[in-house]
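Residue numbers (this note's numbering): 577 to 905.
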């Protein structure tokens, strides 16, 4: 039987290196980033820092190298630094905390520090965007318009929905501009939710893999027993006040951004409640898969349902019966 070191050395190294090589590939890079964080956490915990630094350096060179082939050296350096702050730095601080067997909440808090630095760096750019939001949306639409005109399929879609010729494009531009302005105003909330989710799920996956290959590390409780702290109610209430009372635009969007973060937290808790219920009734895996596919297809409806379910758990503790059952077992 292979040791944990043998199981980690080559597969873990390949995953870390791949996270750098795939950094500029849309959609794939987010999955590769989480996989890279998980691999580095496990490597640091079991194999130490020397090998982790070597693999991280190779990943950084690949992120920089692939970027330089398409964007030039200066922009590639920015991409590489972004990769270092959003993948390598969280992995190293979480790996250090896990190696020292700190509690999972502390490990997650350490992992959020690099992302907090990213948010501070982004804040200046974001404020500038808001000050010139019309110019930003117009510039983005100009690029989109060129792409639409060069793509017959997209051009036909726009013409079918907004009319043919320049008039149709003008109507589309107006609606798109309003949509993009709204998206920009809620971007901070989604960024925080993504960063928080990256840290939490990376830690959860690392703990799951560690338990399977015999590595002692900090790990979260099983997913079906996840529960939101009662402290999450405070920001939720603070976010609801300006949204419910339709306060001035600035405070309305501040509240909306807060609700986006807390809503995602409660959504995950709601999903854990559903998983706990499935474990209680011992639901077959194929039926669970079908149910989760329906949840994904339902989109905003399922997100809202899960968030309300997770929020209600703060008061009613839907999983108590399941936890008591597990304790008896």
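For each residue, glycine too, the CB sits at the ideal point set by N, CA and C.
Source: prediction; values computed, not measured.
Can you have a look at residue 889 and say buried or exposed, based on whether 16 or more other CB atoms are within 10 angstroms of its CB?
buried
Would you please state the rounded distance, in angstroms, between the beta carbons of residue 687 and residue 775? I believe it to be under 8 Å.
4 Å
Report buried or exposed for residue 713, applying the criterion of at least 16 other Cβ atoms within 10 angstroms of its Cβ.
buried
From which residue to which residue does the alpha helix (DSSP H) around residue 743 run?
741-761
Alpha-carbon spacing of residue 811 relative to residue 834, whole angstroms:
7 Å
Since residue 610 and residue 777 are thought to touch, with beta carbons under 8 Å apart, how far apart are those beta carbons, to the nearest angstrom?
7 Å
In three-state terms, what does DSSP make of residue 589?
helix
Here's the rule: buried if 16 or more other CB atoms are within 10 angstroms of the residue's CB, otherwise exposed. What is residue 807?
exposed
List in chain order: all unbroken alpha helix (DSSP H) runs of 4+ residues lying wholly within the segment 652-697.
665-675
Going along the chain, which residues of its own chain have a beta-carbon closer than 6 Å to the beta-carbon of residue 837, five neighbours each way excluded?
765, 768 and 769
Count the other CB atoms within 10 Å of the CB of residue 771; is the residue buried (16 or more) or exposed (fewer)?
buried
Cβ neighbour criterion (16 or more within 10 Å) applied to residue 662:
buried
Going by the CB atoms, is the gap between residue 707 and residue 621 shorter than 7 Å?
no
Three-way DSSP call (helix, strand, coil) for residue 818 in this model:
helix
Pick helix, strand or coil for residue 827, following the three-state DSSP scheme.
helix
Residue 728 to residue 845, Cα distance in whole Å?
Cα-Cα distance, rounded: 44 Å.
Could you tell me which of 877, 763, 784 and 789 sits nearest to residue 795, measuring between CA atoms?
784
With DSSP as the reference, label residue 567 as helix, strand or coil.
It is not possible to answer for residue 567, since the shown part of the chain is limited to 577 through 905.
Beta-carbon contacts of residue 865 that lie in its chain and below 8 Å, excluding the five residues immediately before and after:
Non-local C-beta neighbours of residue 865 in its own chain, meaning closer than 8 Å and more than five positions away in sequence, are absent.
At a cut of 8 Å, does the segment 677-684 reach the segment 693-711 through at least three beta carbon pairs?
no
How long is the line joining the alpha carbons of residue 746 and residue 716, rounded to whole angstroms?
Their Cα atoms are separated by approximately 14 Å.
Range covered by the alpha helix (DSSP H) that runs through residue 880
876-892
Please determine, among 815, 724, 782 and 733, the residue with the shortest C-alpha to C-alpha distance to residue 613.
782
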